[in-house]
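A.B. asks: Numbering (our numbering), first residue to last: 266 to 335. What follows is a single structure, and I will ask about it in a moment.
Structure, rendered in structure tokens:
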């Protein structure tokens, strides 16, 4: 399920960025909960974020179409 994959990936990314010691990393969610986009933006603004990364695990069933989206 996308929500589980993306949360696990985001948690791993957070841990790796925090370990570098140069970044303050804030998660918009750390549990299995739904947040609307405007809530995620509000959280980012509250933390005066310079960057907001939104992680997705998209799928599409089109023959011959492969790759990643950014």
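Idealized CB from N, CA, C, for every residue including glycine.
#1: Count the CB pairs spanning the segment 318-332 and the segment 270-287 that are closer than 8 Å, and state whether there are at least three.
#2: Quick check on residue 267: does DSSP put it in helix, strand or coil?
#3: According to DSSP, is residue 298 part of a helix, a strand, or is it coil?
#4: Given a threshold of 16 other Cβ atoms within 10 Å of its Cβ, counted over all protein chains shown, does residue 293 qualify as buried or as exposed?
C.D. replies: Considering the structure as presented:
#1: The segment 318-332, when compared against the segment 270-287, does touch it at the 8 Å Cβ threshold.
#2: helix
#3: Residue 298: coil per DSSP, three-state reduction.
#4: buried
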